[in-house]
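Sequence lines, in order, name chains A, B, C and D.
Residue numbers for the first sequence, in our numbering: 47 to 426.
Residue numbers for the second sequence, in our numbering: 47 to 426.
Residue numbers for the third sequence, in our numbering: 47 to 426.
Residue numbers for the fourth sequence, in our numbering: 47 to 426.
Protein chains: 4
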Amino acid sequence: MAQLKLGMVGGGNDAFIGGVHRIASRIDDRWRLVAGALSSTPEKSKASGAALGLDADRCYADFAEMAAAEAARPDGIDAVAIVTPNHMHFPPAKAFLDRGIHVICDKPLTATMEDAQAMAAAVEASEALFFLTHNYTGYPMVRQAQAMIAAGEIGKLRVVQVEYPQDWLTIAQEDTGLKQAEWRTDPARSGAGGSIGDIGTHAYNLACFVTGLQATELAADLHSFVPGRLLDDNAHIMLRFDGGARGMLWSSQVAPGHENGLKLRVFGETGGLEWCQEDPNYLWHTPFGEPKRLLTRNGAGSGPQAAAMSRIPGGHPEGYLEGFANIYSGAADAIAALRDGKPLPEETALLPGIQAGLDGMAFIAACVQSSAENAGWERL
Amino acid sequence: MAQLKLGMVGGGNDAFIGGVHRIASRIDDRWRLVAGALSSTPEKSKASGAALGLDADRCYADFAEMAAAEAARPDGIDAVAIVTPNHMHFPPAKAFLDRGIHVICDKPLTATMEDAQAMAAAVEASEALFFLTHNYTGYPMVRQAQAMIAAGEIGKLRVVQVEYPQDWLTIAQEDTGLKQAEWRTDPARSGAGGSIGDIGTHAYNLACFVTGLQATELAADLHSFVPGRLLDDNAHIMLRFDGGARGMLWSSQVAPGHENGLKLRVFGETGGLEWCQEDPNYLWHTPFGEPKRLLTRNGAGSGPQAAAMSRIPGGHPEGYLEGFANIYSGAADAIAALRDGKPLPEETALLPGIQAGLDGMAFIAACVQSSAENAGWERL
Amino acid sequence: MAQLKLGMVGGGNDAFIGGVHRIASRIDDRWRLVAGALSSTPEKSKASGAALGLDADRCYADFAEMAAAEAARPDGIDAVAIVTPNHMHFPPAKAFLDRGIHVICDKPLTATMEDAQAMAAAVEASEALFFLTHNYTGYPMVRQAQAMIAAGEIGKLRVVQVEYPQDWLTIAQEDTGLKQAEWRTDPARSGAGGSIGDIGTHAYNLACFVTGLQATELAADLHSFVPGRLLDDNAHIMLRFDGGARGMLWSSQVAPGHENGLKLRVFGETGGLEWCQEDPNYLWHTPFGEPKRLLTRNGAGSGPQAAAMSRIPGGHPEGYLEGFANIYSGAADAIAALRDGKPLPEETALLPGIQAGLDGMAFIAACVQSSAENAGWERL
Amino acid sequence: MAQLKLGMVGGGNDAFIGGVHRIASRIDDRWRLVAGALSSTPEKSKASGAALGLDADRCYADFAEMAAAEAARPDGIDAVAIVTPNHMHFPPAKAFLDRGIHVICDKPLTATMEDAQAMAAAVEASEALFFLTHNYTGYPMVRQAQAMIAAGEIGKLRVVQVEYPQDWLTIAQEDTGLKQAEWRTDPARSGAGGSIGDIGTHAYNLACFVTGLQATELAADLHSFVPGRLLDDNAHIMLRFDGGARGMLWSSQVAPGHENGLKLRVFGETGGLEWCQEDPNYLWHTPFGEPKRLLTRNGAGSGPQAAAMSRIPGGHPEGYLEGFANIYSGAADAIAALRDGKPLPEETALLPGIQAGLDGMAFIAACVQSSAENAGWERL
């Protein structure tokens, strides 16, 4: 399969997520990074591009220059990855979408609902595809869980428990010069959500993705425990889903002992499932009245959906980067199909896109609104 | 140490919890069961008593007869264990308390708030002691956690996550003739709480016991998933504690894959703790910024509080019955001290009593009220 | 069921295992401790007996006096528990066996092979029953594993991996005045085996019990890592079983991180089983080609053999003391049947007795001999 | 950093390990695959190369043609990956080494000792570097363990327990047409070792790498459980190390429930370490007398050695492919340094090379010889 050409906005030297996107794009050899506007100043952008081995003429000063130039090249990029802080998702996305260049955007969609709606309009108006890297949906055993529920293996759903605890913001890291902490705790760059935007949206997206349910209303109790912090660092949320299921969502960045503890449990009339991001090659399945079963990625009991997202046999653990790569490779499949005039692959429907982005923004807004009203129910 | 004499009300042949109380009372050789009104009919009571090896003249037709007779005997019982369904806690308790006989009562305190207040009055009026078997507080590593938090080892508390999922009521067991299910799902015998009364009170009690905090308000979303069930089988609850900590409590009896999954996590400014009832010999402790530590009962890192509740070395697991026995042995220590005119042991203050019972009833009432108001905040 | 009367030899104040036997005997209310020769001097014996609430006239100066007196009493003990160091198992056992009093003896059988053979002769000559407390065979999930293998659920056996690591003798505890360490590292009191006698025999017994196999030969590499220690504190052993299965056994008391890590894995042509003593309520079962299943004591997937050894529902953990109690209660069943002229219960065949004791002694002897010959194969 | 150019011998369409090498080479963007002789026939080689996007003129009919052509090109490959069955490691390796092209070779080194010695001679005679993909040494927490032991954190070593159980050959997969099974069970292609060659060498290498010890002698009991299988599918091995440590190694491919269960435990005078390949982001460390600590990759308690091998923060799991990539990136560092006339990086010394290969061959030979002599001790 021929490689697609990738550009990147943001993701310069000291960013975490830019490097993740680059590795993810490489793992299956479906993408080659050829262009970038990688940092906030022209100098840093060019230096970062050179360090990554980009041709000098494709190291751009800013996204606007890049969008114009790449659109004009006969060998211009097929897609752009946008890995800037939240408030800088929409402007570059629009620039590329307007030129028909596909977009792979980090989550949450934007910093404001206004931008989110504008993003949706830009996607609607463009012929290009838009992907949002809710990467946890790319884990093989998450796909396995999704498929099992869709197939009715645990019956009609009743209870959904999802949590995403971390501990790195237990202290005021934002006062220590840590960039990752600075922008995430700054409403101007992050938007109205702190932990709920950064990780709560992942948890919410995962719960909806796996269950196939839509939340209809929520009640949220947001709080900042670290003095002076402007955005929530802990959120307790009750959820009600269409069809009658109920749930809880906990996101926290002040929970010592949890590094990146995204965990989902779903209970239906005939069984239960449990998956933890930190041990992602396992999926617990309990058919009610039978012993718990430990399904393993590409091992006995895991099906074609997980296998399609796997590269190596069971017992050889895959991790975060491979799950992320599944989003990139799925995007490549879709873009290649579109380019070749073929129908989109069936699997494209499982990739997070603009709707997942809007759902996440609605989730953040509802949490903030509910919390402002002392955790009253807010419709989604 | 001389043994104390125990009587029992309820706990006949097919009861679960009666047998537990009897084993718990025996483990440390502090009690001898000598009298009982074990079943709901005189015939069954006598048969049950005979099966347990009680003297025929101490197998009573009912609790009233037993209270009168035992109070009159020079070798009468020191204490009575009450292990009937909730609505039958208060009448026998009062009968024994009024005669100065100590009471060890199963939880929750009563089926109604009215009975609970009458119980409190009876305890107040009596010279006898009253213990409520919130047995999970008797686990050594629960005591370890309590002591660590009291000593400030994880700093000022911020977040309390407690859950108690089970799966046995996933189907309508109450329609299959299972007695345990019948009365627990019957408002007349259980009171207003289903899962919140049966297991939610345990979770709530455990959270308060370990943290030393009082909840000040809660918002509860109760639900019955099994058609026709009159009491909640799933409860999602948000909590606010004095001092500013916030928490979540989930109790469920429709969560396949969870047998008896009581689990508590507490997070403070400088660390976190985690304990699970199904693996009770372990306590996870994370000092923020350091690796997680696995403390083991009577092993390295566990202190005198856990050791005082342990019988055997680390690595030799103790379980539910030994934790329960710690309540019984603690009660024996207190009763013996009282009898001998000595001050109550310091440890007696950690034993669950009438206040824990009232707190549990207030918890149930607040949950029911909040849920009736669509999960509005209810003060405790 | 009427209680049986128990006496005890050894097990005075600062002993570990005496207290375990006493609790184990009480748990199911099948035994009452009424007599003892609990310590090595008459004064200490009487003080220990008084502390345990024994009648003064049944606190004996030594086992010989006790055997004679109890045999002469109309209400004499039904059985005696022998919980002395290994070299003091045979003399009291013989004294009681010769008088027709049943014996429950701690393991290993004796300190010397000579004593072991004399013990076997004494058992043979007596009408009394003899039980050896290889208590780990009393765990419900060990019985479950034994039953599954006997029923062919994992097919013809191929590989048996058993290990029993501890860490308490990592340093020279025997030089610190710790009695438990002193006699266990003293050949005069322990016999020729150090870790292999103290814990290796448990591992070996467990492997044979669960698999139903006999080992036919072994090769052992014993070593003492702590300077000055006279007996092995680490043993690496290869095993060959009748029928062609092969195995490894590792016992160690110098393995930091292992408190009491007895663990057994058995692999057959169609499946595998795994059980760990420190988490005894679980049994992993993998049918080849299917997902691993986590069987729980008294939970889904565990059968009547485990249920018969359990007291409380799944999810309510039982532990070491309950497993030990199963040996005591099984012994009571057998003794009561014999007394009543009934056939021994079927389950009696699963209780460890003199043959298990002789097997353990043969194991120790073969290990020592093999190791002396540089780990050459030694027949069993 | 400029990319290096990689060629590949073997690894065509249905091979497992070829794909792994390709992904591993891509992850850090240090290598670009540009040439290959990927299959056993010219036609398949060319088809496989085309499928991977290689230029047609660099899809070679066989390794000899490739070595000659690439050596002659000004833009010829920097290194070749050899991922053929064992008996086909030496011929291509020699062809490339002789032309000064660096070699990255799969393990074990060769199928025969004769070839191994010839390989060593070829490496010796060449200016090119030789790497052997004992990939498990590339896991960050394996490096962490190695560094801790080297720093004395668990004291002088006493006991080394290593095991590598799998279950995929529980049945005769070699009779079902599965290529992976066919050549691994064929002495002509695999050499004298079955499980010991395929996975036992990994376990042995890992134990030596982490401990820094050399084994001086071993006693091995090899066995084939599956009827008709010519090579061992289970191996029990006792080890003695220089300095006095002792160990056990178990490799098995007939252990249902184990997918790829490589596990290492090392015990020293002051502590213990434990690592499992299936959960590779964790390392257990017990300082004797203190609670167990769970070190996590890039998390609290893990040091610079692990960090240097990591790409993403703790809690975001890395897996098998990233560990494998560390070998490839380390090789790239070394090759680039050599090319640039710089000293080899310090880390190069940790990469497995010809000595590790010879050690593995000596291990296989000693196992086979020992087993032929009924598990007598064989010097290494």
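Each residue gets a CB set at the ideal place from its N, CA and C atoms; glycine is no exception.
From a predicted model like this one, the values you see are computed outputs, not experimental measurements.
Please list, in chain order, all residues of the same chain as residue i whose beta carbon is under 7 angstroms from its beta carbon, the five residues on each side excluded.
{"i": "S356 (chain C)", "result": "P186, R343, N344 and E364"}
{"i": "G303 (chain D)", "result": "D213"}
{"i": "M284 (chain D)", "result": "L264, A265 and M294"}
{"i": "Q415 (chain A)", "result": "E424"}
{"i": "G399 (chain C)", "result": "F176, F177 and L178"}
{"i": "S241 (chain B)", "result": "D278, D279, N280, A281, S297, S298 and Q299"}
{"i": "Q207 (chain B)", "result": "G293, M294 and R311"}
Secondary structure at residue i, three-state DSSP: helix, strand or coil?
{"i": "L390 (chain A)", "result": "coil"}
{"i": "Y185 (chain B)", "result": "coil"}
{"i": "K90 (chain C)", "result": "helix"}
{"i": "D103 (chain B)", "result": "helix"}
{"i": "R68 (chain C)", "result": "helix"}
{"i": "V80 (chain A)", "result": "strand"}
{"i": "E368 (chain D)", "result": "helix"}
{"i": "A261 (chain B)", "result": "strand"}
{"i": "V414 (chain A)", "result": "helix"}
{"i": "H269 (chain C)", "result": "strand"}
{"i": "G58 (chain B)", "result": "coil"}
{"i": "A238 (chain A)", "result": "coil"}
{"i": "G246 (chain A)", "result": "helix"}
{"i": "G376 (chain C)", "result": "helix"}
{"i": "L397 (chain C)", "result": "coil"}
Sorted by chain position, which residues of the same chain lie with C-beta nearer than 8 angstroms to residue i's C-beta, five sequence neighbours on each side aside?
{"i": "S172 (chain D)", "result": "L143, D144 and G146"}
{"i": "G289 (chain C)", "result": "K202, L203 and L259"}
Within a Cβ cutoff of 6 angstroms, which residues of the same chain sit near residue i, ignoring the five residues on either side of it in sequence?
{"i": "L390 (chain A)", "result": "A380 and A383"}
{"i": "A412 (chain C)", "result": "L264, E424 and L426"}
{"i": "A83 (chain B)", "result": "V55, S91, Y106, D108, F109 and M112"}
{"i": "M194 (chain B)", "result": "none"}
{"i": "S94 (chain B)", "result": "G58, N59, L84 and S85"}
How many whole angstroms separate the CB atoms of residue i and residue j, which I take to be in contact at a CB cut-off of 8 angstroms?
{"i": "Y210 (chain D)", "j": "A249 (chain D)", "result": "4 angstroms"}
{"i": "A378 (chain C)", "j": "L50 (chain C)", "result": "5 angstroms"}
{"i": "Q190 (chain B)", "j": "G64 (chain B)", "result": "Not quite, the Cβ-Cβ distance comes to about 29 angstroms (not below 8 angstroms), so this is no contact."}
{"i": "I128 (chain B)", "j": "P138 (chain B)", "result": "5 angstroms"}
{"i": "G243 (chain A)", "j": "N132 (chain A)", "result": "7 angstroms"}
{"i": "G53 (chain C)", "j": "I150 (chain C)", "result": "With 8 angstroms as the limit, G53 (chain C) and I150 (chain C) do not qualify as a contact, their Cβ atoms being about 10 angstroms apart."}
### Task
List in chain order: all unbroken beta strand (DSSP E) runs of 3+ residues lying wholly within the segment 288-357 of chain C.
292-298, 309-314, 317-322, 328-333 and 338-342
### Task
May I ask you to list, following chain order, the residues of the segment 316-345 of chain B that have a beta carbon less than 7 angstroms from some beta carbon of chain A?
G317, G318, E320, W330, T332, F334 and K338
### Task
Scan the segment 292-311 of chain D for residues whose Cβ lies nearer than 7 angstroms to a Cβ of chain B and list them as they occur along the chain.
If the cut-off is 7 angstroms between Cβ atoms, the segment 292-311 of chain D has nothing near chain B.
### Message
Could you tell me which whole beta strand (DSSP E) segments of length 3 or greater appear in the segment 173-235 of chain B?
### Response
176-178 and 203-211
### Query
Enumerated in chain order, which unbroken segments of the beta strand (DSSP E) with a length of 3 residues or greater are wholly contained in the segment 108-169 of chain A?
125-128 and 148-151
### Contact set between the segment 259-272 of chain C and chain D, restricted to residues whose Cβ is under 8 angstroms from the partner
A265, D267, H269 and F271
### Residues within the segment 192-215 of chain B neighbouring chain A, beta-carbon criterion of under 7 angstroms
R204, V205, Q207 and D213
### Message
Under 9 angstroms, CB to CB, which of the residues in the segment 343-367 of chain A have a partner in chain C?
### Response
G345, A346, G347 and S348
### Query
Which residues, taken in chain order from the segment 393-409 of chain C, show a beta carbon closer than 7 angstroms to some beta carbon of chain B?
none
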